[in-house]
Every structure is written in structure tokens, then in C-alpha cells.
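**Student:** A single structure is presented below for examination.
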């Protein structure tokens, strides 16, 4: 059957229309569930590629690659990051044009969530999460743009390294302090259990408290001279 525009297309009979669940003439290939750009079957171009070519008015108006001046730029990077680079240079220079996840930007470049959400500071593209489809979309950033902003924030690469080392040192001290507190508590428990076993037949351990001392916060502190247990009481 031919419609008014001259294109032939199969039309279902009117009396059977309400029984049709799927109209295959209107379906599109979703590439197995992955998000894919709409493709123009006439010339194999994506819709975005076709639109970009319609805007070309001459050689001087076409965007050129930063690295090699090629006009065959990567459209996805150009549209998401305004980055003029061709696919060949992008693959040749991964240390500059590779994509970073939000987690990598926070951990390696010490950037905050508000900074990463601000598209004026750091543009990004979103992609489905490869680990779980129900998770939030991944936010991807261009490496050289992230480095430029991070170096500006931390006064250069050396400043970023110094801040990273400082944070690692603080984290290590906090972890060591927590470990020593657990070790101290474990020693107290071991000492108390040893005394209990020694006293075996004499019954449960009875604390022998030292003289009360008044702390700066107004708390009364006492310590068992046998097992080392300490208590603090409020002084009224």
C-alpha cells in the first residue's frame, strides 16, 4: 500500500488493528538494549553527524582537530566537552583525551561533588552504569579538562601531590590511633581475665580502686590497681 508521500508501507486491516500488539513497521533496532545513536540507513551516518554536515558552509567554518588540524573530529567529545580532537589523536593520546569516572576525579584529583556537578566548571557526559542497570548513570569527564581545573585549584601538580600526601598522612594517623585504642582495650580485657583465672577459687575479681582524682572537666576518675580498669563519674 502506498501512502500520500509516495512511500510504500504495509498497513494493517482496520478491523484487526485493535488486536495488533506490535507494529514491526515502526520498530527500531536498539542494538541489544544498549543506547545507540539513531542511524540514517541511506548513508550510514548518525543523526548528529548528518546535522553537523548540514551546518558546514566552507572549510574555514569546519572545526579542526587541536593536534593535527584534521576536520574529521570526534563528534561525541565535541558535543559533550567542546573538545576538537579527531578519533586518531584521541586514541594516540589517552593521557590527555581519555575519560575519567566521577570516583576517579574525587580520589585522584581531590575534587568535590558540587564541583563535579557544575557543568560550567567541568562538562561531562552520562552513560549507563556497566555494573548494574538500575544504578545511577555514570558521569564521565575528559582527563585534560579535569587536570587543568585540579591544577588551578591546588596551585599546580606539586600542590595537588602535596595535598594528596597530607590527606594520606591524616588518614594513616587516624587509622593508627584507632588501632592503638583497640589494642589498649584488648590488653585491659586480657589482664582482667588473667587475674580472674588466678583468683579462681577466691571468687570473682574485686576491684581495688586507687585514690579519686578530679579531672579538668569536673569528672571524678578512679583506676583499679589490679586490672587497670578506669571509671569516670560526674561530680555533683
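Numbering (full-length UniProt numbering), first residue to last: 1 to 236. Ideal Cβ positions, reconstructed from N, Cα and C, are used throughout, including at glycine. All values reported here derive from a predicted model rather than from experimental measurement.
1) Quick check: residue 80 and residue 125, are their CB atoms within less than 8 Å of each other?
2) Closest by CA to residue 168, which one among 100, 213, 76 and 107?
3) Quick one: complete alpha helix (DSSP H) runs, 4+ long, within the stretch 125-174?
4) In whole angstroms, what is the alpha-carbon distance linking residue 133 and residue 71?
5) What separation, rounded to the nearest whole angstrom, lies between the Cα atoms of residue 220 and residue 209?
6) If you measure between the beta carbons of residue 65 and residue 85, is that distance less than 8 Å?
7) Determine, using beta carbons only, whether residue 191 and residue 227 come nearer to each other than 8 Å.
8) Which partner residues does residue 112 have in the DSSP bridge list?
9) Report yes or no: is there a C-beta of chain B within less than 8 Å of the C-beta of residue 114?
10) Our contact map puts residue 146 next to residue 100 with C-beta atoms below 8 Å; I'd like the distance itself, whole angstroms only.
11) Give me the Cβ distance between residue 142 and residue 83, rounded to the nearest whole Å; I'm assuming they're in contact under 8 Å.
12) Where does residue 41 land, buried or exposed, given buried means 16+ other C-beta within 10 angstroms?
13) Measuring alpha carbon to alpha carbon, tell me which of 217, 225, 215 and 218 ends up nearest residue 207.
14) Pull up the distance between the alpha-carbon of residue 182 and that of residue 176, whole angstroms please.
15) Reducing DSSP to helix, strand and coil, say where residue 90 ends up.
16) Taking just the CA atoms, how far does residue 180 sit from residue 217?
17) Need the endpoints of the alpha helix (DSSP H) that residue 77 sits in, please.
18) If we ignore side chains and look at the alpha-carbon of each, how far apart do residue 76 and residue 165 end up?
19) Which word fits residue 118, buried or exposed, when buried means at least 16 other C-beta atoms lie within 10 angstroms of its C-beta?
20) What does the alpha-carbon distance come out to for the pair residue 109 and residue 46?
21) Ordered along the chain, which non-local residues of its own chain (more than five positions away) have a Cβ less than 6 Å from that of residue 144?
**Tutor:** Result, derived from the coordinates:
1) The residue given as residue 80 occupies position 80 in the chain shown. The residue given as residue 125 occupies position 125 in the chain shown. Result yes, Cβ atoms of residue 80 and residue 125 sit closer than 8 Å.
2) For the purposes of this step, residue 168 is identified with residue 168 of the chain shown, where counting begins at 1. When only C-alpha atoms are compared, the closest one is 107.
3) 143-153
4) Here the question's residue 133 lines up with position 133 in the chain shown. Here the question's residue 71 lines up with position 71 in the chain shown. The alpha-carbon atoms of residue 133 and residue 71 are separated by roughly 36 Å.
5) Sequence index remark: in the chain shown, residue 220 carries index 220 (1-based). Sequence index remark: in the chain shown, residue 209 carries index 209 (1-based). Approximately 12 Å, taken between the alpha carbons.
6) Reading the chain shown from its first residue, position 65 is the one you call residue 65. Reading the chain shown from its first residue, position 85 is the one you call residue 85. Yes.
7) Position 191 of the chain shown, counting from 1, holds the residue named residue 191. Position 227 of the chain shown, counting from 1, holds the residue named residue 227. Yes, the Cβ-Cβ distance between residue 191 and residue 227 is below 8 Å.
8) Here residue 112 refers to the residue found at position 112 of the chain shown. Residue 112 is not bridged to any residue.
9) The structure shown has no chain B; it contains just one protein chain.
10) Against the chain shown, residue 146 aligns to sequence position 146. Against the chain shown, residue 100 aligns to sequence position 100. So it is a contact: roughly 6 Å between Cβ atoms.
11) Locating residue 142 in the chain shown gives position 142, where the first residue counts as 1. Locating residue 83 in the chain shown gives position 83, where the first residue counts as 1. The pair is a contact, with the Cβ atoms about 6 Å apart (cut-off 8 Å).
12) Along the chain shown, one-based indexing puts residue 41 at 41. Only weak support exists for where residue 41 lies, its pLDDT of 49 falling under 50; the value from the coordinates is given anyway. Under this definition residue 41 is an exposed residue.
13) Numbered from 1 along the chain shown, position 207 holds the residue referred to as residue 207. Considering only alpha carbons, the answer is 225.
14) The count along the chain shown starts at 1 and reaches residue 182 at position 182. The count along the chain shown starts at 1 and reaches residue 176 at position 176. If I take the Cα positions, the gap works out to 10 Å.
15) Position 90 of the chain shown, counted from the start, is the residue given in the question as residue 90. Reduced to three states, the DSSP call for residue 90 is helix.
16) As a first step, residue 217 must be located in the chain shown, where it is residue number 217. As a first step, residue 180 must be located in the chain shown, where it is residue number 180. Residue 217 and residue 180: Cα-Cα distance of roughly 24 Å.
17) For the purposes of this step, residue 77 is identified with residue 77 of the chain shown, where counting begins at 1. Per DSSP, residue 77 belongs to the alpha helix (DSSP H) from 75-81.
18) Sequence index remark: in the chain shown, residue 76 carries index 76 (1-based). Sequence index remark: in the chain shown, residue 165 carries index 165 (1-based). In a straight line, the C-alpha of residue 76 is about 36 Å away from that of residue 165.
19) The count along the chain shown starts at 1 and reaches residue 118 at position 118. Exposed, by the Cβ-count rule.
20) For the purposes of this step, residue 109 is identified with residue 109 of the chain shown, where counting begins at 1. For the purposes of this step, residue 46 is identified with residue 46 of the chain shown, where counting begins at 1. Rounded to the nearest angstrom, the two C-alpha atoms are 35 Å apart.
21) Along the chain shown, one-based indexing puts residue 144 at 144. Result list for residue 144: 96, in chain order.
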